[in-house]
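In full-length UniProt numbering, the protein residues as written are 1 to 552.
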């Protein structure tokens with residue numbers, strides 16, 4: 001999804017561990033209590049960050065919604081345990097020699113949760129809906145490789161002209177403008193999932209409600225108590241239901257990682273969304289085998305609203321704020337979770353891509369800070385005439401601490417007056433999207449597929465995820481060109497130029513790259529960490545101590 005998530009960072013003052021229940025160590029309670037009913041029904045209880053805005057695949061935004069949708073739906077392709085793209089509803093596909101035409105052969109046993117067959121026409125309906133202006137999908141641009149998709153989204157053409165055709169009930173043709181090396185990966189994205197046409201036509205936006213929900217994945221929506229829990233149950237018509245081991249999934253929205261840890265220690269959760277960095281040392285000491293640290297495909301950053309003053313047309317000011325931050329202090333002293341500092345925009349070594357870094361990455365602190373002050377003054381600011389802005393962040397104690405630390409660094413180095421302010425998750429997303437009430441904001445991006453374009457594309461001026469509102473014609477040209485080039489040195493060179501332009505103009509300030517931390521009870525089997533941080537419940541199992549078994 002739009003993979004922005006509420007993060008877990010260390011508190012500046014380390015507080016004591018608080019736990020519930022009974023466990024192996026009175027200093028670190030850790031109840032081992034799998035939820036298995038008298039009839040053998042297995043329930044997986046997962047922490048899930050913030051409350052999802054929606055469970056409409058075309059409109060959903062954020063990791064919490066994505067986690068639920070991965071279990072509810074299946075696209076033409078899906079993810080393996082290791083995060084690789086594998087056949088989903090499509091059992092196979094053919095690609096033309098020029099890379100512009102894909103023919104997908106759908107499984108005859110693919111079924112909706114009401115028992116109806118999943119057809120090629122369902123995908124035609126769903127993809128047309130995903131790019132239609134009326135849907136206002138934040139991910140419409142991910143479909144831009146498909147013929148006429150961009151023209152449809154901009155209102156220039158009718159959705160019926162999209163380059164997607166049902167040849168017959170089980171054969172789907174998708175035509176692209178040009179060769180796109182990462183196209184198959186985009187089809188695993190939730191915005192490419194099929195929705196059940198009769199439900200959408202009958203219920204409109206209410207088709208996502210439990211009473212109307214119909215899905216084609218391993219699970220179906222049973223209930224949704226806002227700010228309490230989302231419950232999924234097995235889709236008995238799912239093509240691989242016989243190999244699915246877990247019967248129910250309960251997603252709990254817990255925005256604060258310390259509260260989530262307490263729930264985990266009490267035995268109320270089996271799998272956490274994150275782990276508080278201030279407690280990592282204690283976790284590694286007491287339950288090291290339950291901690292899973294996985295290098296992720298994500299970046300946290302500060303974004304500038306470049307559509308309005310003071311950051312509009314002021315790259316020197318943006319660079320000054322970037323250079324004034326000590327990223328190594330943030331990751332080593334505050335985060336303490338093994339996160340790499342962000343001196344590039346794209347994570348390093350992504351399928352062989354060597355990221356471009358700031359030229360001042362290894363400068364001594366005094367030299368870096370002196371240059372930051374010089375640029376700050378050249379931008380028209382000083383300690384007597386300081387920059388005064390507010391820094392927006394999604395509500396949580398941990399996010400607040402990052403905002404406070406950054407504000408303190410800017411005040412010390414530049415004399416800037418940056419005031420942190422917060423909004424609840426849903427309100428925050430709406431505020432950042434509008435580009436009206438923000439000047440500076442804290443955000444993150446988790447890659448949707450394993451290609452540099454998943455990061456480069458969001459800063460294209462036509463992207464629905466371009467939160468800074470950056471509009472640079474040269475960047476658009478480079479990024480768009482790289483989308484359609486075959487993998488190789490020429491494509492890499494073009495992407496390097498695009499990334500270098502980001503680091504020169506600084507519409508965003510990279511802070512650090514993601515290392516995901518999950519606590520998982522020892523009776524949960526089948527977990528395999530992957531860079532996309534995507535874990536389908538159908539691959540997992542619950543096996544109490546003393547019983548034999550594993551992942552599905």
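Glycine is no exception: its CB is placed at the ideal position from the N, C-alpha and C atoms.
Assigned exposure category for residue i - 16 Cβ within 10 Å defines buried
{"i": "residue 170", "result": "buried"}
{"i": "residue 39", "result": "exposed"}
{"i": "residue 333", "result": "exposed"}
{"i": "residue 419", "result": "exposed"}
{"i": "residue 133", "result": "exposed"}
{"i": "residue 113", "result": "buried"}
{"i": "residue 378", "result": "exposed"}
{"i": "residue 42", "result": "buried"}
{"i": "residue 356", "result": "buried"}
{"i": "residue 424", "result": "exposed"}
{"i": "residue 298", "result": "buried"}
{"i": "residue 474", "result": "exposed"}
{"i": "residue 535", "result": "buried"}
{"i": "residue 467", "result": "buried"}
{"i": "residue 211", "result": "exposed"}
{"i": "residue 490", "result": "exposed"}
{"i": "residue 226", "result": "exposed"}
{"i": "residue 68", "result": "buried"}
{"i": "residue 517", "result": "buried"}
Enclosing alpha helix (DSSP H) for residue i [first to last residue]
{"i": "residue 373", "result": "365-378"}
{"i": "residue 432", "result": "425-434"}
{"i": "residue 91", "result": "Counting along the chain, residue 91 falls outside any alpha helix (DSSP H), though it belongs to the beta strand (DSSP E) covering 90-95."}
{"i": "residue 532", "result": "From DSSP, residue 532 is part of no alpha helix (DSSP H); its letter is neither H nor E."}
{"i": "residue 87", "result": "First-last for residue 87: 85-87, but that is the beta strand (DSSP E), not the alpha helix (DSSP H)."}
Between the CA atoms of residue j and residue i - distance to the nearest angstrom
{"i": "residue 537", "j": "residue 369", "result": "47 Å"}
{"i": "residue 389", "j": "residue 290", "result": "42 Å"}
{"i": "residue 533", "j": "residue 335", "result": "19 Å"}
{"i": "residue 451", "j": "residue 242", "result": "34 Å"}
{"i": "residue 105", "j": "residue 85", "result": "16 Å"}
{"i": "residue 274", "j": "residue 75", "result": "27 Å"}
{"i": "residue 471", "j": "residue 177", "result": "23 Å"}
{"i": "residue 180", "j": "residue 143", "result": "11 Å"}
{"i": "residue 33", "j": "residue 301", "result": "38 Å"}
{"i": "residue 183", "j": "residue 228", "result": "36 Å"}
{"i": "residue 249", "j": "residue 347", "result": "32 Å"}
{"i": "residue 405", "j": "residue 207", "result": "43 Å"}
{"i": "residue 539", "j": "residue 266", "result": "25 Å"}
{"i": "residue 338", "j": "residue 515", "result": "7 Å"}
{"i": "residue 136", "j": "residue 222", "result": "27 Å"}
{"i": "residue 367", "j": "residue 409", "result": "15 Å"}
{"i": "residue 79", "j": "residue 191", "result": "15 Å"}
{"i": "residue 147", "j": "residue 195", "result": "21 Å"}
{"i": "residue 417", "j": "residue 439", "result": "13 Å"}
{"i": "residue 97", "j": "residue 340", "result": "40 Å"}
{"i": "residue 125", "j": "residue 164", "result": "9 Å"}
{"i": "residue 430", "j": "residue 455", "result": "21 Å"}
{"i": "residue 240", "j": "residue 162", "result": "31 Å"}
{"i": "residue 193", "j": "residue 118", "result": "11 Å"}
{"i": "residue 352", "j": "residue 481", "result": "19 Å"}
Spatial neighbours of residue i in its chain, beta-carbon cut-off 8 Å, leaving aside the 5 residues before and after
{"i": "residue 138", "result": "2, 59, 61, 433, 464 and 465"}
{"i": "residue 544", "result": "34, 36 and 523"}
{"i": "residue 91", "result": "105, 106 and 107"}
{"i": "residue 547", "result": "none"}
Spatial neighbours of residue i in its chain, beta-carbon cut-off 6 Å, leaving aside the 5 residues before and after
{"i": "residue 460", "result": "476 and 479"}
{"i": "residue 307", "result": "435 and 469"}
{"i": "residue 345", "result": "499, 502 and 510"}
{"i": "residue 185", "result": "85 and 449"}
{"i": "residue 264", "result": "272 and 519"}
{"i": "residue 497", "result": "478"}
Cutoff 7 Å; reference residue i; Cβ partners in own chain excluding five residues on either side
{"i": "residue 372", "result": "320, 323, 324, 413 and 414"}
{"i": "residue 24", "result": "Below a pLDDT of 50, predicted positions are generally treated as unreliable, and residue 24, at 40, falls in that range; the measurement from the model is reported next regardless. Hits under 7 Å: 30."}
{"i": "residue 318", "result": "304, 311 and 506"}
{"i": "residue 220", "result": "72, 113, 213, 232, 233 and 235"}
{"i": "residue 83", "result": "530, 531, 532 and 534"}
{"i": "residue 21", "result": "The predicted position of residue 21 is uncertain, since its pLDDT is 33 and thus under 50; no value can be drawn from it."}
{"i": "residue 358", "result": "343 and 503"}
{"i": "residue 284", "result": "291"}
The beta strand (DSSP E) enclosing residue i, as first and last residue numbers
{"i": "residue 295", "result": "291-304"}
{"i": "residue 162", "result": "From DSSP, residue 162 is part of no beta strand (DSSP E); its letter is neither H nor E."}
{"i": "residue 46", "result": "42-47"}
{"i": "residue 103", "result": "101-106"}
| query | What are the complete beta strand (DSSP E) segments, minimum 3 residues, inside the segment 484-523? | reply | 508-519
| field | Continuous alpha helix (DSSP H) assignments of at least 4 residues falling wholly in the segment 171-250 | value | 183-186 and 197-203
| request: Go through the segment 301-339 residue by residue and report every complete run of the alpha helix (DSSP H) that reaches 4 residues or more, in order. | output: 315-324
| Can you list, in chain order, the stretches of the alpha helix (DSSP H) that have 4 or more residues and sit fully within the segment 373-422? | 397-414
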